[in-house]
Amino acid sequence: MTEAIAEDIRRLEEQERLLRFSRFSADDAWALGNRIRDVATARGAGVAIDISLRDRPLFHCALPGTTTDNGEWIRRKRNTVLRLWSASYLVGRRLALSGRDQVEARNLAFADFSVHGGSVPLFVADLGCVGAITVSGVPERIDHAIVTDAIASFLIIDLGDSRLPE
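Using the working numbering, the first residue of the sequence shown is number 167, and each one after it goes up by one.
Now the structure itself:
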């Protein structure tokens, strides 16, 4: 079990190294948000999608099958990314390996933060983490894969062996 978690962490860290933007505009958010929607639709995943900078949303979409609760999950996952500059799933896998929960290890209150998969940092060259790209609606590993696969496609990057098996 710990070997599988450690392998996930290795893959997730490599994804964060690869999935970085040289620049990011509102037009890019629209195009990427629609790409995420296309990936989710092709997989039959009823998800809510959010792309936000630290101070404002740039794209938000809720596909059939979602509920108002998905917006709350997005908020909590996004908060984790914006606080720690790491994918929510990576934070969760690191905590699983350590055997500690998010409150004990990082002082992340359950009401405001989630370490479930689906939110990825929006890294821009020379700026760092400027926002988060988040999906909610299906199991966390699939939420995460929808986001990272769409970003990789958008950036024309091959994730190779850093892609998580679903």
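In this text, a Cβ means the ideal position worked out from N, Cα and C, and glycines have one as well.
{"Item": "Same chain, Cβ closer than 7 angstroms to Val304, neighbours up to 5 away in sequence not counted", "Value": "Ala211, Val213"}
{"Item": "Through-space distance from Pro331 to Leu274, alpha-carbon basis", "Value": "28 angstroms"}
{"Item": "Whole-angstrom C-beta distance between Val257 and Val286, which should lie under 8 angstroms", "Value": "With a Cβ gap of about 11 angstroms, Val286 and Val257 do not count as contacting."}
{"Item": "Residues sharing a beta bridge with His226, DSSP", "Value": "Asp216"}
{"Item": "Alpha-carbon spacing of Gly237 relative to Asp216, whole angstroms", "Value": "9 angstroms"}
{"Item": "Status (buried if at least 16 other CB within 10 Å, exposed otherwise) for Arg222", "Value": "exposed"}
{"Item": "The stretch 318-325 in contact with the stretch 279-298 per 3-pair CB rule at 8 angstroms", "Value": "no"}
{"Item": "Within 7 angstroms, strictly: CB atoms of Gly284 and Asp309", "Value": "yes"}
{"Item": "Pairwise C-alpha distance: Ile175 and Leu288", "Value": "19 angstroms"}
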